[in-house]
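This report refers to the structure that appears directly beneath it.
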Amino acid sequence: MQILEYSLIGIASGGLYVLAALGFVIIYKASNVFNFAMGEMMMFGAYLFFAMTVQLHFGWPVAVIAALAGSVALAVAIDRVLLQRLIGQPVIVLVMVTLGVGSMIKGASGMIWGPDIVQMPDFLPRKPIFIGDILIPGKLAWGFLAVGVIATAFMLYYRFSRTGVAIRATSSDQITAEGMGINVRWIFSLAWAIAGVLAGASGIVIGALNGITPQLGAVALNVLAVVMLAGMTSVGGVVIAGIFIGWVETLVGAYLGAAWQNFMPYLIVLLVMTVKPTGLFGERQIERI
Amino acid sequence: MVSEALIVHEPTASRFPVGRIAGWLLLAAILLAFPAFSGAYFVFMATLVAINVIATIGLNITVGYAGLLSIGHSAFIGVGAYTGALMAIHLGTPLIVNVAGGAAAAFLVGLVFGAPSLRIKGIYLAIATLAAQYSLSFVFQQWTAVTGGDRGLSVPRVDVFGFGETGFYYVVVALAALLCLAARNLFRTRIGRAFIALRERDYAAQVLGINVVRYKLLAFALGSAYAGAAGALTAMFLRIVNPDQFTLAASVFFLAAVVVGGQASILGSILGAAFMTLMPEILRAVLELWGPGGTADVAGFLSPLREFIFGALIVGFLVFEPRGLAGLIQRLVGRSNN
């Protein structure tokens, strides 16, 4: 019975990874940039929400919209102001820039909001949910639900809308896409904007569960394991991998302790790289040399 | 296309370079006489700069010359530091042996993390090194019996030729100079040229008969070995090793040193390491003078500020001055010659 409870909690917290992982994948697919600032973008969205509610006393619906808008503005600014200047440079330059931007956001947040943990107002219901006699913390359940709705909306948009098709076309062949009249630079920005929404939303949910510190971005490193396991380019795979990793992580944490729980994602990363670099659901784009 | 900026520029010396030799001798004299004219604090900082120069050159071999992104450099410094410290504590071996041991250990650990990721094209080394950063931290923290856990290890004092701190300074500076020279000459050999060829276009390199996987692995492991040597020196110098020294922020520090100094440049590594080591000190001095409130406030404010500035330096230099300080100097000198 105990293990069932841990499993449900694990699956719910794995759901939280999915949003951020989708943000990684959309940018990687569209522009081949691996965004190491993802965690800091999440943290920034969470802090914006905190600033709007606690410090400026807005209601939470306004705060959510403002935080997501701020998160999108940040993401598009990173793309437009920095990365698009560097198009044509080796990929590692672009990736180093995202790492630098991450460090800047983290430092700026630390200077503005201080190093200590801050709590958001309770906008997710606290009341626990019982399935039989298994207890799931209320915030976690509602957070999972919110994440599920956003992830589904994103995937429908990605699959069926005209812009979703344009993003996929760009990812499969940039030059042909350009030839078919797709504005590739605009697609890059769009991918970053979507990633901004996903990062902001997952930041707010994770912040609501655990509180916010400048270290919140470290969650993104667990998300890295999700992305690797799913195979970097698979949108559907991310959902399965995210839930799986959340589940394994919670079980490891429950039975082996917190240190192992933090270490586990990296073990998965190294294992995937050694055994099957394409991940479980990745396209066979990976080139061996 | 890789920008032309990253190609190694070798000055062509047609006649006997009197001026240059005089310059080197002057530099050697200054380094030799430095402790005599400055206080303990400056000798301490100079030693730290020299150690960081070694680590920065290592990262520059990987990132700048071979074009492989490593974001876990400090973890390999940690491997060297723990190895050196353990050798000093349990075996009582002399300083140089410990440094060699640290370098060898980091080289091997580098191979372990490099092997799975360098077989595949793309950004995988960056992810593997990030994994290395956290899994090695985990080992440092959890393997309490050997590493002392969070409290770390304290290393016995090394007294070089009975000169204490000053003696250590000479050893470190000599070693840094030697390793600079080794790195510079490496890029005139077949191996070093192969690294550069790989960075420029790996298929073309393969056609030229370079074993791509082997040389990438060698470049990364060599960079790690430099990190390990620097780590062992840090351990012997600070006489304490603990997991807090080897965080992701420390890796970003060295990446910033490479970018600020100049990728694929030995001079750049020296300038970058010096700049990055001294900048926080100057920052702290400035903050203490004009900053808000007491020293406690300054310390709390300084660490996020430092993080912000490290990031901003990486971004700013990559966007506006990709050749770093070395490129800047080269341009200034070039202009004055014309």
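Here the protein sequences come in this chain order: A and B. The numbering used here numbers the first residue of the first sequence as 871 and each following residue consecutively. The numbering used here numbers the first residue of the second sequence as 2 and each following residue consecutively. Where a beta carbon is used, it is the ideal one built from N, C-alpha and C, also for glycine.
Write down the C-beta distance between residue i and residue j rounded to the nearest angstrom, noting that I regard them as a contact closer than 8 Å.
i, j, result
"S252 of chain B", "S75 of chain B", "4 Å"
"G79 of chain B", "F247 of chain B", "3 Å"
"P244 of chain B", "Q134 of chain B", "11 Å between Cβ atoms; not a contact."
"V242 of chain B", "V156 of chain B", "7 Å"
"G409 of chain B", "V100 of chain B", "As shown, chain B starts at 2 and ends at 339. That puts residue 409 of chain B outside it, with no answer to give."
"V54 of chain B", "S270 of chain B", "6 Å"
"F311 of chain B", "L288 of chain B", "That pair is no contact at about 16 Å."
"F255 of chain B", "A56 of chain B", "6 Å"
"L1140 of chain A", "P117 of chain B", "6 Å"
Please report the distance separating the alpha-carbon of residue i from that of residue j.
i, j, result
"S1059 of chain A", "I1037 of chain A", "11 Å"
"A198 of chain B", "G958 of chain A", "19 Å"
"L70 of chain B", "R21 of chain B", "34 Å"
"G1077 of chain A", "A916 of chain A", "6 Å"
"F920 of chain A", "S883 of chain A", "21 Å"
"I987 of chain A", "G1107 of chain A", "33 Å"
"A231 of chain B", "L952 of chain A", "33 Å"
"I879 of chain A", "M913 of chain A", "22 Å"
"A1090 of chain A", "L1126 of chain A", "22 Å"
"A228 of chain B", "A105 of chain B", "10 Å"
"T1022 of chain A", "D203 of chain B", "40 Å"
"W1130 of chain A", "M277 of chain B", "34 Å"
"F1000 of chain A", "K976 of chain A", "38 Å"
"L176 of chain B", "P1147 of chain A", "40 Å"
"A178 of chain B", "I267 of chain B", "11 Å"
Classify residue i as buried or exposed, calling it buried when 16 or more other Cβ atoms lie within 10 Å of its own Cβ.
i, result
"R996 of chain A", "exposed"
"L964 of chain A", "buried"
"G909 of chain A", "buried"
"W1012 of chain A", "buried"
"F43 of chain B", "exposed"
"N1053 of chain A", "exposed"
"W1062 of chain A", "buried"
"Q264 of chain B", "buried"
"L333 of chain B", "exposed"
"M1050 of chain A", "exposed"
"V1160 of chain A", "Because chain A here runs from 871 to 1159, residue 1160 of chain A falls outside it and cannot be looked at."
"P1 of chain B", "There is simply no residue 1 of chain B to check, as chain B begins at 2 and stops at 339 in what is shown."
"V903 of chain A", "buried"
"A146 of chain B", "exposed"
I want to see whether chain A comes within less than 9 Å of residue i, judged by CB atoms only; does it?
i, result
"G123 of chain B", "yes"
"E282 of chain B", "no"
"A250 of chain B", "yes"
"Y135 of chain B", "yes"
"S118 of chain B", "yes"
"S39 of chain B", "no"
"P323 of chain B", "yes"
"I62 of chain B", "no"
"E5 of chain B", "Note that E5 of chain B scores 49 on pLDDT, short of 50, meaning its location in the model is unreliable and no value can be drawn from it."
"S304 of chain B", "yes"
"A265 of chain B", "no"
In chain order, what residues of the same chain have a beta carbon less than 8 Å from the beta carbon of residue i, not counting five sequence neighbours either side?
i, result
"M922 of chain A", "F928, V932, A933, A936, A937"
"S877 of chain A", "W1117, T1120, L1121"
"L1068 of chain A", "L889, A890, L892, G893, I896, I1020, F1024"
"F1114 of chain A", "G884, L1099"
"A945 of chain A", "M911, W1062, A1063, A1065, G1066, A1069"
"M1143 of chain A", "M1098"
Tell me which residues share the same chain as residue i and place their Cβ nearer than 7 Å to its Cβ, disregarding the 5 neighbours each side in the sequence.
i, result
"L119 of chain B", "L126, V214, K217, L218, F221"
"V967 of chain A", "L952, L953, L956"
"I881 of chain A", "I1113, G1116, W1117"
"N339 of chain B", "Confidence is the limiting factor: at N339 of chain B the pLDDT is only 47, short of 50, which leaves the residue's position unreliable, though a coordinate-based value still follows. Correct list: empty, nothing qualifies."
"P18 of chain B", "none"
Within a Cβ cutoff of 6 Å, which residues of the same chain sit near residue i, ignoring the five residues on either side of it in sequence?
i, result
"T235 of chain B", "I52, A82"
"L187 of chain B", "G193"
"V161 of chain B", "G168, F169, V172"
"I948 of chain A", "V971"
Say whether chain B places a C-beta atom closer than 9 Å to the C-beta of residue i.
i, result
"K899 of chain A", "no"
"I999 of chain A", "no"
"F914 of chain A", "no"
"G940 of chain A", "no"
"T1083 of chain A", "no"
"T1144 of chain A", "yes"
"K1009 of chain A", "no"
"R1032 of chain A", "no"
"F1114 of chain A", "no"
"S1041 of chain A", "no"
"A978 of chain A", "yes"
At a threshold of 8 Å, does residue i count as lining the ligand PLP (C-beta to nearest heavy atom)?
i, result
"G150 of chain B", "Absence of the ligand PLP is noted for the structure shown, with no ligands found whatsoever."
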